[in-house]
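K.L.:
Next up is a structure, given as structure tokens.
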Amino acid sequence: RRKPTSPNGVVELMVSELATTSDQFGITKVSLNFAVFRSVFEEGSRIGAGPILRIWRSILVFFSRWWQLEALYRSNVKYQPEWVPRFLCFEDNRELLRVGFASAVAEGFVTLPRFGRSGTRDAIEHTGTHAAVPAALVAAEGLHSDGSAPGEGLAPTATGPKRPEQVRVRLDKLAGLAEQGIDPYPVAFPPSHTVTEAVESPEGTTVRIAGRLLRIRDYGGVVFAVVRDWSGDIQVLVDEARVGTDRIRAFAAEFDLGDLVEVAGVIGYSRRGALSLLANEWRMTGKCLHPLPDKWKGLSDPETRVRQRYVDLAINSDARRLLEARSAVVKSLRDSLGGRGFLEVETPILQQVHGGANAAPFLTHINAYNLDLYLRIAPELYLKRLCVAGME
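Each residue of the sequence shown is one higher than the one before, starting from 6 at the first, in my numbering.
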């Protein structure tokens with residue numbers, strides 16, 4: 006990773022892989038390289054920073070051509086770490102200059118002259134080039150290569166990340182389907198009817214629907230399931246007398262709640278008179294690897310509902326109706342404005358001049374043009390240019 010000709014992203018790959026596999030080795034915290042004058046780089050680039058802070062940042066950016074000042078800050082900030090201050094302790098104020106100089110030498114910012122020593126460095130010991138356990142001790146079988154005692158054996162290695170039990174069960178089913186030659190994610194075909202259209206069809210109509218499996222109730226000779234698509238829900242009835250014993254057992258064992266399925270059959274009624282789809286054929290169109298939330302409570306945590314909006318839309322009918330209402334309102338506004346002669350235009354998302362008064366913009370850097378760009382806050386700057394161009 007220290008080689009100048011090494012490919013870009015080696016350090017990022019090492020850090021991300023360490024964070025990904027940290028649970029396997031019991032690692033809870035990772036310390037990154039410290040960034041000198043981090044607050045100056047962070048606060049000096051903000052809007053509204055004072056002139057002294059901006060000048061101080063400009064000086065540090067200038068010296069970053071020779072020392073890794075801004076580069077260390079940019080290298081660390083991309084991981085969104087928890088910043089912890091670093092302190093230098095000294096007994097007397099007169100020692101501040103010496104302590105600062107010694108710290109600069111220790112961190113490699115200042116190189117001392119090598120009087121009386123050869124210019125070649127034949128034996129530089131970098132971190133990570135030698136094992137923590139002495140080679141002689143390993144050769145003498147005093148310890149294993151991982152540092153454990155001879156009688157203890159090597160430490161067991163984890164085969165993968167830790168997962169909840171239900172996820173492991175679903176992954177095992179996924180592997181079982183692959184062994185049987187069944188594709189758990191096949192190419193989907195458009196259904197003949199939506200669920201609402203199937204519910205409104207007369208008795209005896211042959212339909213093919215597709216949706217998410219929300220309920221399964223196995224009563225031995227008959228299995229009831231609930232399939233939902235965006236339009237609504239329908240009860241699927243799998244009868245032993247209709248499909249056979251082996252197939253009804255396969256239906257109950259193959260599917261889990263949340264799986265995407267395709268079911269074909271005839272519209273009919275159960276013995277209690279409930280409208281049902283009497284299934285003849287079915288297949289899986291997408292295996293769900295994570296269990297759905299509680300069927301009664303759903304996603305009760307507001308923050309979880311925001312972060313996992315797709316799950317909330319899958320199980321919450323009110324959320325879907327709200328999304329449909331919002332889409333209808335936006336479409337109505339666009340049609341109304343379009344009918345009155347307004348023209349819909351698009352303004353750049355990333356731009357060189359930020360808008361939005363004193364709001365703090367999101368700053369990014371585009372390597373293709375070596376430019377600092379701001380995420381758009383308000384589009385009025387480019388809309389005003391359209392007014393200058395003659396658009397009214």
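Just so you know, even glycine gets a beta-carbon here, dropped at the ideal spot from N, CA and C.
I'd like the list of long-range same chain contacts for Ile-371, defined as Cβ closer than 6 angstroms, with 5 residues on each side in sequence excluded.
P.N.:
Taking the first residue of the sequence shown as position 1, residue 371 is located at position 366. Closer than 6 angstroms at Cβ, skipping near neighbours: Leu-378.
K.L.:
Would you kindly work out how many angstroms separate the C-alpha atoms of Ala-54 and Glu-397, rounded to a whole number?
P.N.:
Taking the sequence shown and counting its residues from 1, the one referred to as residue 54 is at position 49. Taking the sequence shown and counting its residues from 1, the one referred to as residue 397 is at position 392. Whole-angstrom Cα-Cα distance: 37 angstroms.
K.L.:
Are the Cβ atoms of Val-204 and Ile-239 separated by less than 8 angstroms?
P.N.:
Here residue 204 refers to the residue found at position 199 of the sequence shown. Here residue 239 refers to the residue found at position 234 of the sequence shown. Cβ atoms of Val-204 and Ile-239: closer than 8 angstroms.
K.L.:
Cα-Cα, which of Lys-34, Arg-390, Leu-242, Gly-270 is closest to Arg-277?
P.N.:
Here residue 277 is taken as the residue at index 272 of the sequence shown, counted from 1. Check the Cα spacing between Arg-277 and each of Lys-34, Arg-390, Leu-242, Gly-270: the tightest is with Leu-242.
K.L.:
Along the chain, where does the alpha helix (DSSP H) that runs through Val-35 open and close?
P.N.:
Here residue 35 refers to the residue found at position 30 when the sequence shown is read from its first residue. Looking at the DSSP string, Val-35 is not in any alpha helix (DSSP H), and its letter there is neither H nor E.
K.L.:
Distance, Cα to Cα, Glu-17 vs Ala-111?
P.N.:
To locate residue 17, count along the sequence shown from 1; it is residue 12. To locate residue 111, count along the sequence shown from 1; it is residue 106. Glu-17 and Ala-111: Cα-Cα distance of roughly 24 angstroms.
K.L.:
Around the Cβ of Tyr-190, are there at least 16 other Cβ atoms within 10 angstroms (buried) or fewer (exposed)?
P.N.:
Counting from 1 along the sequence shown, the entry for residue 190 is found at position 185. The residue in question, Tyr-190, is exposed, as its Cβ has fewer than 16 Cβ neighbours within 10 Å.
K.L.:
Go through its chain and collect everything with a Cβ distance to Arg-222's Cβ below 8 angstroms, but skip five positions before and after it.
P.N.:
On the sequence shown, residue 222 is found 217 positions in, with the first residue counted as 1. Hits under 8 angstroms: Val-228, Phe-229, Ala-230.
K.L.:
What's the call for Ile-64, buried or exposed, on a 16-neighbour Cβ count within 10 Å?
P.N.:
The residue given as residue 64 occupies position 59 in the sequence shown. Exposed, since its Cβ has fewer than 16 Cβ neighbours within 10 Å.
K.L.:
Is DSSP giving Asp-234 helix, strand or coil here?
P.N.:
On the sequence shown, position 229 is the one that residue 234 refers to. In the structure shown, Asp-234 sits in coil (DSSP, three-state: anything other than H, G, I, E or B).
K.L.:
How is the alpha helix (DSSP H) around Thr-309 delimited, first residue to last?
P.N.:
As a working mapping, residue 309 is identified with position 304 in the sequence shown. Unbroken alpha helix (DSSP H) run through Thr-309: 307–312.
K.L.:
Are the region 258–266 and the region 288–296 touching by the rule of at least three beta carbon pairs closer than 8 angstroms?
P.N.:
yes
K.L.:
Smallest Cα separation from Glu-286: which of Val-248, Gly-273, Leu-280, Ala-258?
P.N.:
In the sequence shown, counting from the first residue as 1, residue 286 sits at position 281. Out of Val-248, Gly-273, Leu-280, Ala-258, Val-248 has the C-alpha closest to the C-alpha of Glu-286.
K.L.:
According to DSSP, is Asp-244 helix, strand or coil?
P.N.:
For the purposes of this step, residue 244 is taken as the residue at position 239 of the sequence shown. Note: Asp-244 maps to strand in three-state DSSP.
K.L.:
Could you tell me which whole beta strand (DSSP E) segments of length 3 or greater appear in the region 161–230?
P.N.:
211–223
K.L.:
Quick check on DSSP: helix, strand or coil for Glu-286?
P.N.:
Position 281 of the sequence shown holds residue 286. The answer is strand: DSSP assigns Glu-286 an E or B state.
K.L.:
Taking a contact to mean a Cβ-Cβ separation below 8 angstroms, would you say Gly-196 touches Arg-213 in this structure?
P.N.:
Indexing the sequence shown from 1 puts residue 196 at position 191. Indexing the sequence shown from 1 puts residue 213 at position 208. What sits at residue 196 in the sequence shown is Pro, not Gly. Yes. Within cutoff.
K.L.:
Could you check what DSSP says for Glu-130 in three-state terms: helix, strand or coil?
P.N.:
Taking the first residue of the sequence shown as position 1, residue 130 is located at position 125. Bear in mind that the predicted position of Glu-130 carries a pLDDT of just 48, short of 50, making it unreliable; the figure below should be weighed with that in mind. Reduced to three states, the DSSP call for Glu-130 is coil.
K.L.:
For Ala-269, report the span of its beta strand (DSSP E) as first-last.
P.N.:
By 1-based counting over the sequence shown, the position of residue 269 is 264. Where Ala-269 is concerned, the enclosing beta strand (DSSP E) stretches over 265–274.
K.L.:
Across which residues does DSSP place Gln-356 in a beta bridge pair?
P.N.:
For the purposes of this step, residue 356 is taken as residue 351 along the sequence shown, with counting starting at 1. According to DSSP, Gln-356 bridges with Tyr-379.
K.L.:
Please report how far the alpha carbon of Arg-314 lies from the alpha carbon of Gln-171, in whole angstroms.
P.N.:
Position 309 of the sequence shown, counting from 1, holds the residue named residue 314. Position 166 of the sequence shown, counting from 1, holds the residue named residue 171. Taking the CA atoms as reference points, Arg-314 sits about 21 angstroms from Gln-171.
K.L.:
What does DSSP give as the partner residues of Thr-369 in its beta bridges?
P.N.:
For the purposes of this step, residue 369 is taken as residue 364 along the sequence shown, with counting starting at 1. Its beta-bridge partners are Leu-378.
K.L.:
Identify whether Ser-108 lies in helix, strand or coil by the three-state DSSP scheme.
P.N.:
Reading the sequence shown from its first residue, position 103 is the one you call residue 108. Under the three-state reduction of DSSP, Ser-108 is assigned to helix.
K.L.:
Taking the continuous alpha helix (DSSP H) assigned at Pro-12, which residues delimit it?
P.N.:
Locating residue 12 in the sequence shown gives position 7, where the first residue counts as 1. For Pro-12, no alpha helix (DSSP H) run applies, since DSSP gives it neither H nor E.
K.L.:
Rounding to the nearest angstrom, what Cα-Cα distance links Arg-91 and Pro-12 in this structure?
P.N.:
For this step, residue 91 is matched to residue 86 along the sequence shown. For this step, residue 12 is matched to residue 7 along the sequence shown. Looking at the two C-alpha atoms, the distance is approximately 31 angstroms.
K.L.:
Find out if the Cβ-Cβ distance for the pair Val-232, Val-200 is shorter than 8 angstroms.
P.N.:
Start at 1 with the first residue of the sequence shown, and residue 232 comes out as number 227. Start at 1 with the first residue of the sequence shown, and residue 200 comes out as number 195. Contact flag set, yes.
K.L.:
How would you label Leu-388, buried or exposed, when you count the other beta carbons within 10 angstroms and need 16 or more for buried?
P.N.:
Stepping through the sequence shown from its first residue, residue 388 is reached at position 383. Exposed.
K.L.:
Based on Cα-Cα distance, which residue from Leu-77, Arg-381, Val-66 lies nearest to Val-358?
P.N.:
Here residue 358 corresponds to residue number 353 of the sequence shown, with the count starting at 1. Residue Arg-381 is the option with its Cα nearest to Val-358.
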